[in-house]
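In short: position in the sequence shown from 1, add 3, done, that's my numbering. The C-beta atom is built at its ideal place from N, Cα and C for all residues, glycine as well. Since the model is a prediction, treat every value here as computed from it, not as a measurement.
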Amino acid sequence: MVDKHLKICSLCQNPAVYLDREREIHLCSDHLITSVEEQVLIYLKKIDLPPVVGIAFSGGKDSTALLKAVCRILDQLSCRVVALTVDEGIERYRQETIRAAEETCSILGVPHYIIRFQDVFGHSLDQLVSGSDRNACTICGILRRRALEILARNHSIKVIATGHNQDDHAQTALMNAISGDVRKVFSGMGESPWYARRIKPFAEVSEREVTLYALLFGLFRDLPECPYASSSLRGEVRALLYRYERNHPGSMRHAARCEEEIRDRLGRIFERDPYQTCVSCGWPGSGRVCQVCTILTNEHPNRT
Ligand code: SF4
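Now the structure itself:
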């Protein structure tokens, strides 16, 4: 990860480990760590935080870096944190990441709560996609969101922080544009007492910064990749955006901010669409039957 062309930190005389090509500044390891934590702190200080904040914690690089960063600045915040993990039931993948998550929480002294698809929905993700031609990531995303909400609710958690970084936002912006469904841009904006508020403290932090932050603290583990990841459109979009960023520094940030601005300026129009109540489970959704119930009743060929 360390760029061999880097020289000296722009803020001190130490060797640089990171080049911000858009701002044309170099940062050493200490200043990179400070920069990441400052960006997280600035983000969190703008929010009226409840006494307990849940960190959506997969055990992967991004959520581990977020947990570490928040723990390191916790004395400047008026809250404590707990880690929330969803076990989707993906063989040869999730067991290892959960083991890593448990170890990290134990080292950081953070309470750790886990919820399993099998327990909540009666099926693992593997079982739900077996024999189905639906995209595993689509099903996973919908069910994981619900599972996380249930876990948060079980522990009276009103705010969930996720490890999404600036690159993730840029990818989502482009994927939303490709989908042609303008409502996706505004999804999650409607107020509902059912849902915990989602916050993204890494929103202004690039993927490279997050990765280096994790590397510098020795948080990077050689974990397996999800076997369904290759079926993801996100992988293609990620490669495309990296190419743009390399040739046109700042592209990633511009794409992420563009969608944020659209949400800010036009969001109120879509907020008027109230959530409907699912006739099957009673949770809010965009139709008569929510997406979770649609998946569980229609998509599993062996379900009775
Ligand atoms: Fe779920 Fe897809 Fe991520 Fe795997 S790659 S954990 S299936 S969203």
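query: Terminal residues of the continuous beta strand (DSSP E) containing Tyr231?
result: Here Tyr231 belongs to no beta strand (DSSP E), and DSSP marks it neither H nor E.
Residue from Val73, Ile265, Leu219, Tyr247 with nearest C-alpha to Leu35: Leu219
task: Just confirm the distance between the C-beta atoms of Cys143 and Leu154, as a whole number of angstroms; I'd bet it's less than 8 Å.
output: Not confirmed; about 16 Å, so no contact.
- prompt: First and last residue of the beta strand (DSSP E) that includes Ala206?
  reply: Looking at the DSSP string, Ala206 is not in any beta strand (DSSP E), and its letter there is neither H nor E.
- prompt: Secondary structure at Cys296, three-state DSSP: helix, strand or coil?
  reply: helix
message: With three or more beta-carbon pairs closer than 8 Å as the criterion, would you say the segment 100 to 107 touches the segment 79 to 91?
response: yes
- request: Report yes if the C-beta of Tyr21 is less than 7 Å from at least one heavy atom of ligand 1; otherwise report no.
  value: no
message: Which runs of the alpha helix (DSSP H) at least 4 residues long sit entirely within the segment 112 to 185? Give them in chain order.
response: 120 to 124, 128 to 132, 139 to 157, 169 to 182
field: Spatially closest choice to Leu70 from Glu41, Arg246, Arg95, Thr107, by CA coordinates
entry: Thr107
task: Could you have a look at Gln16 and say whether DSSP puts it in helix, strand or coil?
output: coil
Supposed close pair Gly65, Phe205 - CB separation, criterion 8 Å: The sequence shown places Asp at residue 65, rather than the Gly named in the question. The pair is a contact, with the Cβ atoms about 7 Å apart (cut-off 8 Å).
message: Let me check understanding here. Comparing Cα to Cα, which of Gln16, Ser13, Val20 lies closest to Glu212?
response: Val20
- prompt: Exposed or buried, Cys15, counting other C-beta atoms within 10 Å across all chains shown (16 or more means buried)?
  reply: exposed
- request: Thinking Val113 and Ala86 are a contact (beta carbons under 8 Å), I'd like their distance in whole angstroms, please.
  value: 5 Å
query: So, helix, strand or coil for Cys325, using DSSP?
result: Because the chain is modelled from 4 through 307, residue 325 falls outside the range shown and cannot be assessed.
- request: Report buried or exposed for Gln42, applying the criterion of at least 16 other Cβ atoms within 10 angstroms of its Cβ.
  value: buried
message: Tell me the rounded alpha-carbon separation between Gln279 and Ser81.
response: 35 Å
field: Assigned exposure category for Ile45 - 16 Cβ within 10 Å defines buried
entry: exposed
Own chain residues within Cβ distance below 8 Å of Ser254, not counting five before or after: Ala173, Leu244, Tyr247, Glu248
message: Just to confirm the assignment, what range does the beta strand (DSSP E) spanning Cys31 have?
response: 28 to 31
- prompt: In the DSSP assignment, what are the bridge partners of Ala59?
  reply: Leu87
- request: Name the two residues that bound the continuous alpha helix (DSSP H) containing Cys82.
  value: First-last for Cys82: undefined, no H or E at that position.
message: Using only CA atoms, which one of Lys48, Leu269, Ser13, Val39 lies nearest to Cys31?
response: Ser13
For Asp51, three-class secondary structure by DSSP: coil
message: With a threshold of 7 Å (Cβ to nearest heavy atom), would Glu91 be considered close to ligand 1?
response: yes
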